[in-house]
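Numbering (the numbering used here), first residue to last: 992 to 1602.
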DNA sequence: ATAGGGTTAG
């Protein structure tokens, strides 16, 4: 256009940057900035919409600082921020759980005379639901009603999502019924949320009932419904069923997307089925889809799992040059990997690198670093990180508190563990079954069995839930203290409560019975151990798992050939050989699969090269 | 041409 001496108007420009901003990558923001400066030079006057689009771009790339700066500089360009400008940033901050900044920005907004509208309220409801503050979410709904901004389907859907996340499916369904009474009709998103909630809480038959129900009501399934079902099957290890859903999705005229494929990739990664991972990644490319952050992070995860930390770090380093957005999940994955390999130093170094790159950590990232520090015996540094996240207005979750309590117990500081526990209960901490188990274990380890039993009884009296770990912890401690009959009493209690015993229960009891010379009982207990629920969940595709000893010589030769081609950067040729190998049904060496997979990740074209 | 809900990764 410029070459033709045509001057784009502001609408053309806005359209252009909207497209760029929609798919955030390393280059798109940079390009947007360049274009923006270019537009200014051409004498174009940006409008509030222009700036709002740019703000959205920064938010999508998690650059909230830049977004805020742009907001402050709007007057320089002769425009004023509106509700959209604020809502965009508010939503981004809610997404990351940065509640302090949310509060500050809301105040700033009101100071400018802008009143929160329905979108603003819904953003806040969403933010609270995400961190499980359902009471606060309900308060916002109350506020909406007071301000004559009645909650809509969006509001209700988010409340339903919040309840599902807390496992409160029945309450969620009740709210759904409430909607119908208010003439707010549940839509496909309501159903997707509920179906997802059921599947996550092991209530899959209800999930399928809901699916049936939405069909009857004429609400059409969409990609997300199918992706949710795929995830459900993947979680149960039913890969064949997951593939069936993918098939059905295509038959119904819907296109599997990145989410569908990433879900499968992640499941196959967990099953160690690298050939399948590679096959799907290849498929993504053939379909004209691009691998995204999720694909990248999944690969980083499996590299870390295989303890290939150097390779993972290399991938993390080159990813931005390939257009991928390296984010808090990418860093969290590697930091977890380093801690697992007991390389605390590198883990901490990576945390610093993350901060230097202005990648914003979430509560999960903080939980990782806090857990790692605790495990390395640096509980004080862990506490420092806790204070740091609190200062940022990030809300800790149960995992954060449990990790620190565990840390104190780990270093044998039971007293501090309880002090911390009590102090946090005064705040917002709701101890869960993990908390109970951690404290029981800590007390037992320090030989304070009586206190453990007391804690256990109080816990039960409060009507709190227990699990097999709770019982195992006490049973093991009782056995060690030669209180075998008390331990057997707990086994009976488990039976009553329908808590299935596992190999830990078994080992403790059989060992103690044997030591006590009660061999007959030990034998009885042993024959009793094969219970249906104890049988391991089998992946459908476990037989495909690579086994080094099954590789024949041709496989090794092919693997070598492919490795060499990849080392020369000749991925295309390597993929050709790979195609031949697959046709002949030969498996490659594990590391060769990794090499090819990394090749596919690296091949992602960046926007700057195509554009 | 701009803002809010449901699916995938640590």
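Note that beta-carbon positions come from the ideal geometry of N, C-alpha and C, so glycine has one too.
These numbers were taken from a predicted model, which means no experiment stands behind them.
Pick from 1084, 999, 1217 and 1047: whose alpha carbon is nearest that of residue 1385? With distances taken between Cα atoms, residue 1385 lies closest to 1084.
In its own chain, which residues sit with a C-beta less than 7 Å from the C-beta of residue 1223, not counting the 5 before and 5 after it?
Hits under 7 Å: 1190, 1195 and 1198.
| query | Are the region 1252 to 1261 and the region 1554 to 1570 in contact at 8 Å, needing three or more beta carbon pairs? | reply | The region 1252 to 1261, when compared against the region 1554 to 1570, does not touch it at the 8 Å Cβ threshold.
Report task. Evaluate residue 1508 with the Cβ neighbour count: other Cβ atoms within 10 Å of its Cβ, from every protein chain shown; 16 or more gives buried, anything less gives exposed. Result -> Answer is exposed; the Cβ neighbour count stays below 16.
| field | Secondary structure of residue 1568, DSSP reduced to three states | value | In the three-state reduction of the DSSP assignment, residue 1568 falls in the helix class, which pools H, G and I.
* **Same chain, Cβ closer than 7 Å to residue 1023, neighbours up to 5 away in sequence not counted** => For residue 1023, same chain residues with a beta-carbon under 7 Å away, outside a window of 5 residues either side, are 1008, 1011, 1012, 1045 and 1048 in chain order.
Query raised in the report: Counting only runs that start and end within the region 1021 to 1075, where is the alpha helix (DSSP H) found for 4 or more residues in a row?
Result: Listed in chain order, the complete alpha helix (DSSP H) runs (minimum 4 residues) inside the region 1021 to 1075 are 1039 to 1051 and 1055 to 1063.
- Top-ranked residue by Cα proximity to residue 1140, from 1106, 1117, 1165 and 1364: When each option's Cα is compared against that of residue 1140, the closest is 1106.
Ends of the alpha helix (DSSP H) at residue 1436? For residue 1436, the uninterrupted alpha helix (DSSP H) segment begins and ends at 1424 to 1436.
Could you tell me which whole beta strand (DSSP E) segments of length 3 or greater appear in the region 1085 to 1164? The region 1085 to 1164 contains no whole beta strand (DSSP E) run of 3 or more residues.
Notebook entry, point to check: Using 8 Å as the Cβ pair cut-off and three pairs as the minimum, do the region 1390 to 1399 and the region 1360 to 1367 touch?
Noted result: Between the region 1390 to 1399 and the region 1360 to 1367 there are three or more inter-stretch CB-CB distances shorter than 8 Å, so the stretches are counted as touching.
ask   = Since residue 1312 is in the alpha helix (DSSP H), which residue starts that stretch and which ends it?
value = In the DSSP annotation of this structure, residue 1312 is not part of any alpha helix (DSSP H), being labelled neither H nor E.
Where does residue 1104 land, buried or exposed, given buried means 16+ other C-beta within 10 angstroms? With fewer than 16 other Cβ atoms within 10 Å, it is exposed.
*Taking the Cβ atom as the reference point for each residue, do residue 1356 and residue 1322 lie within a distance shorter than 8 Å?*
Yes, the pair counts as a contact, with Cβ atoms nearer than the cut-off.
Let me check one thing: in DSSP terms, what residues is residue 1385 bridge-paired to? Note: residue 1385 sits in a beta bridge opposite 1089.
Open item on the list: Does the distance between the C-beta of residue 1088 and the nearest non-hydrogen atom of the ligand FMN fall short of 7 Å?
Closed with: The ligand FMN is not part of the structure shown, which contains no ligands of any sort.
ask   = Taking the C-alpha atoms as reference points, what is the distance between residue 1370 and residue 1404?
value = Cα to Cα, the separation comes out at about 10 Å.
Exercise. Does the separation of the CB atoms of residue 1185 and residue 1175 fall below 8 Å?
Worked result: Not a contact, by the Cβ cut-off of 8 Å.
Pairwise C-alpha distance: residue 1319 and residue 1383: Residue 1383 and residue 1319: Cα-Cα distance of roughly 16 Å.
Checklist entry - At what residues does the alpha helix (DSSP H) containing residue 1361 begin and finish? => result Counting along the chain, the alpha helix (DSSP H) containing residue 1361 begins and ends at 1354 to 1366.
Rounded to the nearest angstrom, what separates residue 1422 and residue 1415 at their Cα positions? One alpha carbon belongs to residue 1422, the other to residue 1415, and they sit about 9 Å apart.
(Q) Between which residues of its own chain and residue 1533 is the CB-CB distance below 6 Å, once the five residues before and five after are set aside? (A) Residue confidence for residue 1533 is low, a pLDDT of 45 falling below 50, so the modelled location carries little weight and cannot support an answer.
Legend entry - Alpha carbon of residue 1447 to alpha carbon of residue 1431, nearest angstrom: One C-alpha to the other measures close to 8 Å.
TODO: With residue 1187 as the anchor, note down where its alpha helix (DSSP H) starts and where it stops.
DONE: Taken as a continuous stretch (DSSP letters only), the alpha helix (DSSP H) holding residue 1187 covers 1179 to 1191.
(message) Can you list, in chain order, the residues of its chain with a C-beta nearer than 6 Å to that of residue 1593? Leave out the 5 residues immediately preceding and following it.
(response) The beta carbon of residue 1593 sits closer than 6 Å to the beta carbons of 1313 from its chain, once the five residues preceding and following it are set aside; these are given in chain order.
Margin query: Do residue 1225 and residue 1254 count as a contact pair if the criterion is CB distance below 8 Å?
Written below: Their beta carbons are under 8 Å apart, which means residue 1254 touches residue 1225 by this criterion.
Would you call the region 1092 to 1103 in contact with the region 1119 to 1130, where contact means no fewer than 3 C-beta pairs closer than 8 Å?
Result no; under three Cβ-Cβ pairs closer than 8 Å.
- Task: Rounded to whole angstroms, what's the CA-CA distance from residue 1311 to residue 1278? Just pull it up for me.
- Result: A straight line joining the alpha-carbon of residue 1311 with that of residue 1278 spans about 23 Å.
Please report the straight-line C-alpha distance between residue 1536 and residue 1503, rounded to a whole angstrom.
With a pLDDT of only 49 at residue 1536, under the threshold of 50, the placement of this residue in the model should not be trusted; the figure read from the coordinates follows. Their Cα atoms are separated by approximately 38 Å.
- Query: CA-CA distance, residue 1337 and residue 1252?
  - Reply: For residue 1337 and residue 1252, the gap between their C-alpha atoms comes out near 32 Å.
To the nearest angstrom, report how far apart residue 1436 and residue 1042 are at their CA atoms.
Taking the straight line joining both Cα atoms gives about 59 Å.
inquiry  = Please state the DSSP three-state secondary structure of residue 1505.
reply    = Judged by DSSP in its simplified three-state form, residue 1505 adopts helix.
* Run through DSSP, which three-state label would residue 1261 get? -> Three-state DSSP puts residue 1261 in a helix.
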